[in-house]
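Report on the following structure.
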Amino acid sequence: MSELGSDNFQVEPSEHPVLDTHTAVRSEESRAMALRVAEVISDTPASDTLVIDIQDLSSVADYFVICSGDNDRQVRAISRELLDRFEEAGLRPRRQEGDPSSGWMVMDYGDVIVHIFNTRQREFYRLEELWAEAPTLLAIQ
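Following my numbering, the numbering of the sequence shown begins with 53 at its first residue and continues without gaps.
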């Protein structure tokens, strides 16, 4: 006999699904963060900014923000503006990889991952094609 008094203890499935409010709130916060990243990027020389929703396709993050700079200087300016504006709000990336001279920088803000490419590297890696099933939340030319 179990501690609950019966070896046949069973939980009946609920007719009413339970909303995981923590997950729902986190998802809304992630969405707002991704849109804020795109807003900051729009104040830079970035082009072809995309926010894609990958939460149903990956456990790595909820959103990717992808943008391009025409050259290393623009990639640096985009990343610097993002770092500066978010640091003012007390937010720092968990991790940052790459360098403007490599043509690809990645900034990990938890559920939002930012990819800043130069044009050549973006065409080479084609993240949009790799994640083609992901819905586009926002596109800024």
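Ideal Cβ positions, reconstructed from N, Cα and C, are used throughout, including at glycine.
Item to complete: Excluding the 5 residues preceding and the 5 following ILE165 in the sequence, name in chain order all residues of the same chain whose CB lies nearer than 8 Å to its CB.
Response: Sequence index remark: in the sequence shown, residue 165 carries index 113 (1-based). The answer, listed in chain order, is VAL112, ALA113, TYR115, PHE116, VAL117, VAL158 and MET159.
Discussion item. Would you call the segment 96–112 in contact with the segment 126–134, where contact means no fewer than 3 C-beta pairs closer than 8 Å?
Written reply: Contact holds: three or more Cβ-Cβ distances are below 8 Å.
Worksheet item: So, ALA186 versus ILE93, is the Cβ gap smaller than 8 Å?
Response: What you label residue 186 is simply residue 134 of the sequence shown in a count that begins at 1. What you label residue 93 is simply residue 41 of the sequence shown in a count that begins at 1. Here ALA186 is not near ILE93, since their CB atoms are 8 Å or more apart.
Practice prompt. Measure the CB-CB distance between ARG144 and PHE138 and report whether it falls below 8 Å.
Written response: To locate residue 144, count along the sequence shown from 1; it is residue 92. To locate residue 138, count along the sequence shown from 1; it is residue 86. A contact, by the Cβ cut-off of 8 Å.
Worksheet entry | GLN193, buried or exposed, once every other Cβ within 10 Å from all chains shown has been counted against 16 | Here residue 193 is taken as the residue at index 141 of the sequence shown, counted from 1. A residue is called buried when at least 16 other Cβ atoms come within 10 angstroms of its Cβ; GLN193 does not meet this threshold and is exposed.
Worksheet item: Looking at the structure shown, is ARG147 part of a helix, part of a strand, or coil, going by DSSP?
Response: Translated into positions along the sequence shown, residue 147 becomes position 95. Of the three classes helix, strand and coil, the one that applies to ARG147 here is strand, per DSSP.
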